[in-house]
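Residue numbers (numbering that gives the first Met the number 0): 0 to 328. The block underneath contains the structure these notes are about, expressed in C-alpha cells.
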Amino acid sequence: MGRMTATTPRRVLLAAPRGYCAGVDRAVIAVEKALEQYGSPVYVRHEIVHNKYVVQTLEKKGAIFVEETAEVPEGSIVMFSAHGVAPTVHDEAAKRKLATIDATCPLVTKVHKEAVRFAQDDFDILLIGHEGHEEVIGTSGEAPEHITLVDGPEDVANIEVRDPSRVVWLSQTTLSVDETMETVGALKEKFPLLISPPSDDICYATQNRQIAVKQMGADADLVIVVGSKNSSNSVRLVEVALGAGANDAHLVDFADEIEESWLDGVSTVGVTSGASVPEVLVDGVLAWLSERGFEDVEIVKAAEESIIFSLPKELRRDLRAEAAALSAE
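What follows is the structure, encoded as C-alpha cells:
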C-alpha cells in the first residue's frame, strides 16, 4: 500500500457489538457484590474472566485470585470463574469446608449439561476446543471417560471412537465459528452418523463479535482488538479480522501497547474488543487514535444484544454464616 497523502481521510470503524457479554457482566458484578456483602477477602479460583485490567481492578477491591482450591483457607468464600469448573473442584471445595459462589456463565453450564446427558446415554463425545483452556478442562471433567478433545481440523485424523454410530460433538463457547464448522465437516466425513448438539454451543456473543469484525475487516487497513492474550474469544477476533481481508490486526490490552508503526500507510482502522473487556479500555484506544488524526468514528453494527443473566443464587444468602457453620462441623 502506498504512502498516504495529506488528503487521505482517516477514519475508525468501531464494531458493534463488542466488549462485555452477559456472562462476563454477571461474573464481574458477582465478585463486586460478594465483596460488598461479605467484605474482603473473597477468593476467586482462576481469573474471574480473562482480562488483565478487570482482574487488577477486582484485586484492588479485595478479591484474591488463586489457581487451585487448595490455596483457599478453610471456612472462606470461594468463587468459581465464568469459565466453569469440573465436578471434582466442587468436591474439593466441600472437603475444605468452603462456601462457594458459582459464577459459571449459564451458556457454559448448558454445555456441561449436554456432556452429562450424552455420557449417561453412553455416547463418545468429541469436544472441539483448545487444550488447557479453563472452559475445556471444566467441561471435560463432567465425563472424562467419554470425552475426547478435538483441537482444530488437524486433530480429526487421529480421533478414535468405540462405536461410530454413537458419537456427538460439543464445543467450547468462544471458538472461531468458521474453524469450528470446518472441524465439524472433517468429523462428519470420518463419522457420517455424528450427532450435533441440540443447539449451537458457540455462544451468541462470540458469534456476534465475529460477524461484526467480518463486516469491518474487509474495509480496514488495520484492526485493533482490545483484549488479553489468554482470552480465547479475543484471540479469535484477530484471526477473523485477518481472514476477512484486513491487512493487519493486533491484540492489545491497553492503548499504550499500540505501536506507531502500525499506522504507516493506514487510513482506516477497525476497532473491537473481546467479551471480557470493559468499554473504558476501548475509549482509551479511540482517544489514542484521535490524537493521531483518526477522529472520524463510524459504527459497524452487526447485531442487537439484550441478553442479561441474573446473578448467582448464592449472592442472595448469608455465605459468611454458612462458611462459619461448615468450619464448625
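Glycine included, each C-beta is placed from N, C-alpha and C at the ideal position.
Residue i - containing alpha helix (DSSP H), residue span
i: I210; result: 203–216
i: A302; result: A302 -> no alpha helix (DSSP H), and no H or E assigned at all.
i: A327; result: 318–327
Sub-7 Å separation of residue i and residue j beta-carbons
i: V224; j: L250; result: yes
i: P311; j: A29; result: yes
i: L325; j: K94; result: no
i: A85; j: G140; result: yes
i: I201; j: T172; result: yes
i: I76; j: A98; result: yes
i: A245; j: A219; result: yes
i: C20; j: A274; result: yes
i: V206; j: V176; result: Inspection of the sequence shows that residue 206 is occupied by Gln rather than by Val. The answer is yes: Cβ separation under 7 Å.
i: G83; j: S272; result: no
i: T138; j: H111; result: yes
i: W168; j: V155; result: no
i: V11; j: F190; result: no
Proximal residues to residue i (C-beta, below 6 Å), its chain only, five neighbours per side dropped
i: D247; result: L221
i: E321; result: A98
i: H49; result: S227, N229, S230, S275
Closest by C-alpha distance to residue i, when choosing among the options
i: V53; options: S227, K32, A85; result: S227
i: A286; options: L148, A254, R9, H132; result: A254
i: L192; options: P163, V176, M78; result: P163
i: P16; options: R319, Q214, S289; result: Q214
i: L106; options: G283, H49, D199; result: D199
i: I194; options: A14, V279, F117, K51; result: F117
i: K60; options: P143, K32, E67, E256; result: K32
i: L318; options: L174, R208, E46, I100; result: I100
Cβ of residue i within 7 Å of any chain C Cβ
i: I136; result: Judged by its chain identifiers, the structure shown contains no chain C, having just a single protein chain.
Where the beta strand (DSSP E) containing residue i begins and where it ends
i: R291; result: Note, R291: premise wrong, no beta strand (DSSP E); not H, not E.
i: S170; result: 166–170
i: T147; result: 146–149
i: D101; result: 98–101
i: L12; result: 10–15
i: S272; result: 267–272
i: I257; result: Unbroken run through I257: none, as it is neither H nor E.
i: D200; result: Run containing D200: none; DSSP gives neither H nor E here.
i: D123; result: 123–127
i: A62; result: 62–65
Chain-order list of residues whose beta-carbon lies under 7 Å from that of residue i (same chain, five-residue window excluded)
i: A62; result: V30, L34, V41, V43
i: V241; result: Per the sequence shown, residue 241 should be read as Leu rather than Val. So the list reads A248, once near-sequence residues are dropped.
Close-in-space but distant-in-sequence residues of the same chain around residue i (CB under 8 Å, 5 per side omitted)
i: R161; result: D123
Practice task
Would you check if the segment 16–32 and the segment 305–324 touch, i.e. whether three or more CB-CB distances between them fall below 8 Å?
Solution key: yes
Problem - Cβ contact check for the segment 258–272 and the segment 34–47: 3 or more pairs under 8 Å - result: no
Practice task
Determine contact between the segment 288–308 and the segment 68–75, defined as no fewer than three beta-carbon pairs at a distance below 8 Å.
Solution key: no
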